[in-house]
Amino acid sequence: VLGQGVIDFPAPGVPDPSNNIRTAAGFVEKWQDVSPLITPSIFCHSPYTCSEETLKKAKAACDSKGLLFQIHAAETKNEVNRIQTEQHTTPIKYLDKIGMLDQNTLIVHGIWLDSDDIEIIAKRRSKVSHNPQSNMKLASGIAPVSGLLRAGVTVGLGTDGCASNNDLDLFREMDTAAKVHKVNLLDPTVMDARTVLKMATIDGAKAIGLDKDIGSLEAGKQADVIIIDTEKPHLVPMYHPVSHIVYAVQGSDVRDVIVAGRILVSDRKLLTIDLEDTLKITGAIGKNIIKRA
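With this note's numbering, the residue at position 29 of the sequence shown is 23, and numbering never jumps.
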């Protein structure tokens, strides 16, 4: 899923915020039929940086194409307090009131939720993206994932962006997700390894509406496969494969990658891009950003 960001102030690529919806709609048109590996989406930053009009127009643009609508919501206490002051309710109740929540809505973060918020999310069949490392780094809080799961809400696991999470290693994210809720609830049985692995695979696919095609190894689904090199000191001996994947495997342990039946990485060698050239290009971009900062 490739999302175009929408926010009601000047941003890279959209210097005039009055063009944000037009830009997002054009983005959807541009990418909708380019590749079966790309599904466009519209991503509104949050209910406090987008007006009600902007939110409604963005959601309508997604609905007209049957696409996923994404939004940060209930991420911080400051957001909750601001929405309470401006709208006299919680971020989730506000979004529900203006028609943002349905089965094609992905709520990113969803940390500061009360029991009514969770009930609304479950009733609307909206999904939640859980990003624990980002939430910890920014001291945003800990999402009530156990409560969401008990309510039947689909929760997928994410990394958030590079600005708020320095690594995008989903294995480390699984390890963090499995542990942070145990210590938060003082219960070693919550967020077991199998639950967390589901969040990173099939439930992640459900969260973005692509579970019919990806997220699990089943006949008729897209052949997306990784092969992990388990002959490493930190992975021997192996008593429980699922626990090993969640608590011990690192991104660097992935040996081979297959996407839609095509081998992209073989024995840790990239087959479709030149790594050395890519590192040079990105390094130069980074230096340029530092100079301009």
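A virtual CB, placed ideally from N, CA and C, is assigned to each residue, including glycine.
For residue i, the first and last residue of its enclosing alpha helix (DSSP H)
i, result
"D78", "The question names Asp, yet the displayed sequence has Gln at residue 78. That run of the alpha helix (DSSP H) goes K71 to Q81."
"R119", "It is not in any alpha helix (DSSP H) - R119 carries neither H nor E in the DSSP assignment."
"H238", "P235 to Y241"
"A19", "N14 to W25"
"L273", "L269 to R286"
"A52", "E46 to K59"
"I65", "Taken as a continuous stretch (DSSP letters only), I65 belongs to no alpha helix (DSSP H), being part of the beta strand (DSSP E) at F63 to A67."
"P85", "P85 to K91"
According to DSSP, residues forming a beta bridge with residue i
i, result
"S260", "K263"
"L(-4)", "P34"
"V248", "I222"
"G150", "S123"
"V139", "V139 is not bridged to any residue."
"V8", "A5"
"V253", "R256"
Where the beta strand (DSSP E) containing residue i begins and where it ends
i, result
"I101", "T99 to H103"
"S35", "P34 to C38"
Status (buried if at least 16 other CB within 10 Å, exposed otherwise) for residue i
i, result
"F37", "buried"
"Q97", "exposed"
"P231", "exposed"
"L273", "exposed"
"L31", "exposed"
"P126", "buried"
"H124", "buried"
"G214", "exposed"
"V74", "buried"
"V102", "buried"
"T276", "exposed"
"S109", "exposed"
Residue i and residue j closer than 9 Å at C-beta
i, j, result
"I112", "A157", "no"
"L49", "M94", "yes"
"N14", "V0", "yes"
"V122", "G150", "yes"
"S35", "I220", "no"
"V259", "V251", "yes"
"V22", "K59", "yes"
"V236", "F165", "no"
"L100", "Q64", "yes"
"S40", "P85", "yes"
"L142", "L107", "yes"
"D2", "C44", "yes"
"I114", "K87", "yes"
"A116", "N129", "no"
"G104", "A68", "yes"
"V253", "R262", "no"
"A330", "E212", "Any answer about residue 330 is impossible in this case: the structure gives the chain only from -5 up to 287."
"T148", "D186", "no"
"A18", "A55", "yes"
Those runs of the alpha helix (DSSP H) which lie wholly inside the segment 156 to 205 and span at least 4 residues: 164 to 179, 187 to 194 and 196 to 201
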